[in-house]
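When we follow numbering that gives the first Met the number 0, the leftmost residue of the sequence shown carries the number 0, and every step to the right adds one. Working notes for the structure below.
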Amino acid sequence: MRITDLVNEDASLISRRCWSSQAIYELEKQAIFARSWLFLGHESQIRNPGDFVQAYMCETPIILSRGEDGELCANVNSCTHRGLPVCRADHGNTRRFICPYHSWSYSVSGELVAIPQEKELSGRPDKSALGLKRVPRVESWRGMIFGSFDEAIIPLEDYLGDMRFYLDAFIDRFPGGIEFMGAPHRWTINANWKLPVENQLGDVNHGAFLHAAIIPREAQDTIAQLGYTAVTTPGHGAAFRIMPKDAPVDDMAWGMEAMGSILGGNEVQEYLREVQAQAAERVGDLRARMKGLTYGVYPNLSFLWSNTSFKVSHPRGPGKVEYWSWAVVPATAPEHIKKILRTNYSSFFGPAGILEQEDSEVWTQQFQGSNIDFADDRPYFYGLGLGEEGPHPELPGLVSVTANEFYARQFFMRWRDELQAAEGAS
Numbered sequence: 000m001r002i003t004d005l006v007n008e009d010a011s012l013i014s015r016r017c018w019s020s021q022a023i024y025e026l027e028k029q030a031i032f033a034r035s036w037l038f039l040g041h042e043s044q045i046r047n048p049g050d051f052v053q054a055y056m057c058e059t060p061i062i063l064s065r066g067e068d069g070e071l072c073a074n075v076n077s078c079t080h081r082g083l084p085v086c087r088a089d090h091g092n093t094r095r096f097i098c099p100y101h102s103w104s105y106s107v108s109g110e111l112v113a114i115p116q117e118k119e120l121s122g123r124p125d126k127s128a129l130g131l132k133r134v135p136r137v138e139s140w141r142g143m144i145f146g147s148f149d150e151a152i153i154p155l156e157d158y159l160g161d162m163r164f165y166l167d168a169f170i171d172r173f174p175g176g177i178e179f180m181g182a183p184h185r186w187t188i189n190a191n192w193k194l195p196v197e198n199q200l201g202d203v204n205h206g207a208f209l210h211a212a213i214i215p216r217e218a219q220d221t222i223a224q225l226g227y228t229a230v231t232t233p234g235h236g237a238a239f240r241i242m243p244k245d246a247p248v249d250d251m252a253w254g255m256e257a258m259g260s261i262l263g264g265n266e267v268q269e270y271l272r273e274v275q276a277q278a279a280e281r282v283g284d285l286r287a288r289m290k291g292l293t294y295g296v297y298p299n300l301s302f303l304w305s306n307t308s309f310k311v312s313h314p315r316g317p318g319k320v321e322y323w324s325w326a327v328v329p330a331t332a333p334e335h336i337k338k339i340l341r342t343n344y345s346s347f348f349g350p351a352g353i354l355e356q357e358d359s360e361v362w363t364q365q366f367q368g369s370n371i372d373f374a375d376d377r378p379y380f381y382g383l384g385l386g387e388e389g390p391h392p393e394l395p396g397l398v399s400v401t402a403n404e405f406y407a408r409q410f411f412m413r414w415r416d417e418l419q420a421a422e423g424a425s
């Protein structure tokens, strides 16, 4: 089975086996997850020395922590003695991680500190060589922390490239940036990890159909009229609207169209209007009028602008994904306003949100469709808008209307090329 048989040259045809093959999944681990920058968490989650949260890089459990010296650390959560997890809490603050089996003790930065059994022995092992396996590259951008198993990977800022232009349109409009509010929701879905990524990378045109009970057709018409999709680097993408210069402030301001803000009262709405009043000064006129929809950072980080949620699609095999979802709020907003703004996320997204449940159901059904017997000769069609994308005078990357599926084609071109490179190197 050749990779070129799975994704054709222009990525307009995608084999069902891309979603269902165990062999392809094993190759994805080597080709993509071992060589990419993977999102671990946000600095607002680990503000103080000794703070930690758990994370994953593909299926590898990670402890993300802030050392006693204030530095960011990421280590594999597996004891070097017998492999047990040494951290069992989702988040907290500690001085030591201790394996429950033989009580080997590690510092918050991952160094092996104590072996209780060695006091009974004359020969003692070199503890400096027995610390937790460290993630070799850890970098932070705008408080967003990423790790990579590839020591030679390009710097994070270069990896993000022009995607920073679109992320900053949201993050930089708030004087203190953003913070992650609380622990993530986590749930499993019987689906392939790539479909949630594709959904958030630019598929905003299913809303008026799949979510018709909530999203009116008029909203979809507005997206068609004002919406764009941009791909800065294959695999990275942003779908958004550019509001007219004469649009009312309530139509332009971030958060005003979400449920928590609508029901939050005058104080919340005045706060959002004030943020918008400063937006042009902070991010420029064009981005001040930008109202994001869905974003994606290759390979598996997503961002929902209106409902302010970052999401990671953690693979657990070709047919299972563990989905992590955080609520995000402006870091310097008053605490009581943060609590109200968090409901912009929880009212529709998270495991109990109606839109999230509808998405999860179709992702599951797509995986079932990818496993249908005798259907391998009918690949999925990804050709909508083929060749209609191009440069834009004010926006970085390739740009087109939101109905153009080039964001997904670009993802699969990168996916195909990376799998081919790994296959050739093995």
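Glycine is no exception: its CB is placed at the ideal position from the N, C-alpha and C atoms.
### Query
Relative to the alpha-carbon of residue 47, which residue among 22, 34, 91 has its alpha-carbon at the smallest distance?
Checking every option, the nearest Cα to that of residue 47 belongs to 91.
### Query
Tell me which same chain residues have a C-beta within less than 7 Å of the C-beta of residue 116, skipping the five on either side of it?
Closer than 7 Å at Cβ, skipping near neighbours: 101.
#### Entry: Given residue 35 as reference, the closest of 148, 357, 112, 242 once Cα atoms are compared
If we check each option's Cα against that of residue 35, 148 comes out closest.
### Query
To which residues does DSSP link residue 308 through a beta bridge?
As DSSP reads the structure, residue 308 sits in a beta bridge with 303, 326.
### Message
What ranges does the alpha helix (DSSP H) occupy inside the region 248 to 298, keeping only unbroken runs of at least 4 residues that lie completely in it?
### Response
Here the runs fully enclosed are 248 to 251, 258 to 262, 265 to 282, 284 to 287.
#### Entry: Spatial neighbours of residue 375 in its chain, beta-carbon cut-off 8 Å, leaving aside the 5 residues before and after
Counting only Cβ-Cβ distances below 8 Å, and skipping sequence neighbours, we find 14, 15, 16.
### Query
In three-state terms, what does DSSP make of residue 358?
Three-state DSSP puts residue 358 in a helix.
#### Entry: Helix, strand or coil at residue 334 according to DSSP, with G and I counted as helix
DSSP places residue 334 in helix when its eight states are reduced to three.
### Message
Considering only the alpha carbon of each residue, which of 296, 290, 336, 245 lies closest to residue 269?
### Response
Among 296, 290, 336, 245, the Cα nearest to that of residue 269 is on 336.
#### Entry: Whole-Å CB distance - residue 348 paired with residue 399, under 8 Å assumed
Going by Cβ atoms, the distance from residue 348 to residue 399 rounds to 26 Å, so no, they are not a contact pair.
### Message
What does the alpha-carbon distance come out to for the pair residue 64 and residue 329?
### Response
So the two alpha carbons sit approximately 23 Å from each other.
### Task
List the endpoints of the continuous beta strand (DSSP E) containing residue 232.
Element bounds for residue 232: n/a, residue is neither H nor E.
### Query
How about the region 318 to 326 and the region 159 to 169: do they share at least three Cβ pairs that are nearer than 8 Å?
Too few Cβ pairs lie closer than 8 Å, so no.
### Query
Would you call residue 20 buried or exposed, if buried means 16 or more other Cβ atoms sit within 10 Å of its Cβ?
Looking at its Cβ environment, which holds 16 or more other Cβ atoms inside 10 Å, residue 20 is buried.
### Task
Would you mind listing the alpha helix (DSSP H) stretches within the region 155 to 220 that are 4+ residues and don't spill past its ends, in chain order?
Within the region 155 to 220, the complete alpha helix (DSSP H) runs of at least 4 residues are 155 to 159, 162 to 170, 193 to 201, 206 to 209.
### Query
Does the region 284 to 295 touch the region 178 to 189, meaning 3 or more C-beta pairs lie closer than 8 Å?
Cβ pair count under 8 Å is below three, so no.
### Query
residue 122: buried (16+ other C-beta within 10 angstroms of its C-beta) or exposed?
Looking at its Cβ environment, which holds fewer than 16 other Cβ atoms inside 10 Å, residue 122 is exposed.
#### Entry: residue 67 - DSSP class collapsed to helix/strand/coil
Note: residue 67 maps to coil in three-state DSSP.
### Query
So, helix, strand or coil for residue 348, using DSSP?
In the three-state reduction of the DSSP assignment, residue 348 falls in the coil class.
### Query
Under the three-state reduction of DSSP, which class applies to residue 78: helix, strand or coil?
Shown here, residue 78 sits in coil according to DSSP, grouped into three states, outside any helix or strand.
### Message
Residues in the same chain with beta-carbon distance under 8 Å from residue 179, minus the five sequence neighbours each way, listed in chain order, please.
### Response
Excluding residues within five positions, the ones whose Cβ falls inside 8 Å are 40, 41, 43, 44, 309, 325, 326, 327.
### Query
What do you get for residue 151, buried or exposed, if any count of 16 or more other CB atoms within 10 angstroms of its CB means buried?
So residue 151 counts as exposed.
### Message
Distance check for residue 134 and residue 85, CA to CA, integer angstroms please.
### Response
Taking C-alpha positions only, residue 85 is separated from residue 134 by approximately 16 Å.
### Message
In whole angstroms, give me the CA-to-CA distance for residue 156 and residue 118.
### Response
Rounded to the nearest whole angstrom, the CA to CA distance from residue 156 to residue 118 is 47 Å.
### Query
What's the gap between the Cα of residue 37 and the Cα of residue 160?
Here the alpha carbon of residue 37 sits roughly 15 Å from the alpha carbon of residue 160.
### Query
For residue 50, which residues of its own chain have a beta-carbon under 6 Å away from its beta-carbon, when the five flanking residues on both sides are left out?
Beyond the five residues adjoining it in sequence on each side, residue 50 comes within less than 6 Å, by CB distance, of 65, 92 in the same chain, given in chain order.
### Message
Less than 9 Å between the C-beta atoms of residue 417 and residue 31, yes or no?
### Response
Yes, the pair counts as a contact, with Cβ atoms nearer than the cut-off.
### Message
Give me the residue from 110, 300, 139 with the minimum Cα distance to residue 129.
### Response
Ranking 110, 300, 139 by Cα distance to residue 129 puts 110 first.
### Message
For residue 27, report the span of its alpha helix (DSSP H) as first-last.
### Response
For residue 27, the uninterrupted alpha helix (DSSP H) run begins and ends at 21 to 27, by DSSP.
#### Entry: Terminal residues of the beta strand (DSSP E) in which residue 242 lies
No beta strand (DSSP E) contains residue 242, which DSSP labels as neither H nor E.
### Message
Just to confirm my understanding: we take residue 60, look at its own chain, exclude 5 residues before and 5 after, and list those with CB closer than 6 Å. What are they?
### Response
76, listed in sequence order.
### Task
With DSSP as the reference, label residue 16 as helix, strand or coil.
Residue state, collapsed to three classes: helix.
### Query
By how many angstroms is the C-alpha of residue 26 removed from the C-alpha of residue 259?
A direct Cα-Cα distance of roughly 43 Å separates residue 259 from residue 26.
### Task
Return the Cβ separation of residue 354 and residue 210 in integer angstroms, given the expectation that the two are a contact with Cβ distance under 8 Å.
That pair is a contact at about 5 Å.
#### Entry: Touch test, the region 378 to 393 against the region 206 to 224, Cβ-Cβ under 8 Å, three pairs minimum
The region 378 to 393 and the region 206 to 224 do not touch, with fewer than 3 CB-CB distances between them shorter than 8 Å.
### Message
Rounded to the nearest angstrom, what separates residue 397 and residue 106 at their Cα positions?
### Response
Distance between the alpha carbons of residue 397 and residue 106: 46 Å.
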